Ligand SMILES: Cc1cc2nc3c(=O)[nH]c(=O)nc-3n(C[C@H](O)[C@H](O)[C@H](O)COP(=O)(O)OP(=O)(O)OC[C@H]3O[C@@H](n4cnc5c(N)ncnc54)[C@H](O)[C@@H]3O)c2cc1C
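In this note's numbering, the protein residues as written are 608 to 860.
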């Protein structure tokens with residue numbers, strides 16, 4: 608959307624050069640969209656591969672409909688449908704397999720108009736001319752990218768690192784007592800006893816955001832996808848009907 612809106616609004620033209628910072632899902636989609644619009648595009652990542660978050664996790668199931676459940680997703684024999692112009696293929700699967708498909712699609716479109724630089728980050732951006740500046744002079748720390756000028760820089764660097772450590776805060780800020788797995792790491796929640804040597808262990812999940820709720824459901828049901836979890840719960844058909852009706856009403860509203 609950033610790319611198409613910038614073109615629509617005349618913020619950039621098809622002769623301009625764009626830098627995308629971060630080769631996660633958002634950055635890759637932005638860069639691929641730029642390239643398909645004919646823009647000269649550079650995408651960089653400070654790490655050694657794109658999509659490393661999802662690639663490094665063997666247990667996380669993701670699904671385009673995770674947070675947007677149309678009523679008919681749950682009808683027997685139906686699979687979700689997602690019609691979108693996003694240039695990365697995305698269906699429901701374990702995240703590392705999705706990341707592998709993303710990597711193939713992403714590397715498949717690299718060209719002289721869409722160049723990817725690994726182990727590279729921005730050290731400074733200096734506006735040139737203006738205001739408003741006519742271009743941005745960008746300095747890099749990189750094995751093979753030197754200072755270059757761009758008309759647009761899209762920052763798609765993700766939202767940083769998660770806090771997964773618990774400190775003993777009884778006296779000041781305290782020392783780290785325990786560090787749990789980050790969301791995009793392989794965990795043992797679906798294993799018997801959640802991978803603990805204790806049978807029937809007590810599990811505490813700190814943080815009741817969407818990641819915490821997913822993990823609560825995985826620990827309790829040993830199922831990974833939302834659909835498998837719903838199926839395993841054998842919810843009374845009348846309750847499912849009420850849910851579908853409520854959702855349909857919400858959609859219409
Ligand atoms: C608790 C939790 C639950 C989540 N639940 C889900 C879920 O169920 N399903 C789902 O699809 N998503 C989920 N997400 C979100 C998921 O992480 C994002 O949807 C997705 O990874 C965001 O993609 P992104 O490209 O914005 O960022 P990222 O995947 O973080 O990619 C950012 C990229 O930028 C690079 N980068 C960072 N800084 C720089 C820099 N200075 N210079 C160069 N490169 C840089 C990084 O190396 C990285 O490759 C969850 C996240 C969390 C934390």
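Glycine included, C-beta positions come from ideal geometry on N, C-alpha and C.
From a predicted model like this one, the values you see are computed outputs, not experimental measurements.
> For residue 690, which three-state DSSP category applies?
Replying inline: Confidence in residue 690 is poor, its pLDDT being 47 and thus under 50, which makes the residue's placement unreliable; the coordinate value appears in the next sentence. Residue 690 falls in the coil class under three-state DSSP.
>> For a test of the three-state rule: what should DSSP assign to residue 770, helix, strand or coil?
In response: coil
> So is residue 819 buried or exposed if we call it buried at 16+ other beta carbons inside 10 Å?
Replying inline: exposed
> Taking contact to mean at least 3 C-beta pairs separated by less than 8 Å, is the segment 649–658 in contact with the segment 784–799?
Replying inline: no
>> What would DSSP say about residue 746, mapped onto helix, strand or coil?
In response: Residue 746 falls in the strand class under three-state DSSP.
>> Below 8 Å, how does it come out for the segment 690–704 and the segment 729–742: are there three or more Cβ pairs, yes or no?
In response: no
>> If I follow the unbroken beta strand (DSSP E) through residue 815, where does it start and stop?
In response: Run containing residue 815: none; DSSP gives neither H nor E here.
>> Between 809, 650 and 641, which has its C-alpha nearest residue 729's C-alpha?
In response: 650
> For residue 625, is the classification buried or exposed, using 16 other Cβ atoms within 10 angstroms of its Cβ as the cut-off for buried?
Replying inline: buried
>> For a test of your reading of the model: does the CB of residue 744 fall under 7 Å from any non-hydrogen atom of ligand 1? Yes or no.
In response: no
> How big is the Cα-Cα spacing for residue 741 and residue 760?
Replying inline: 13 Å
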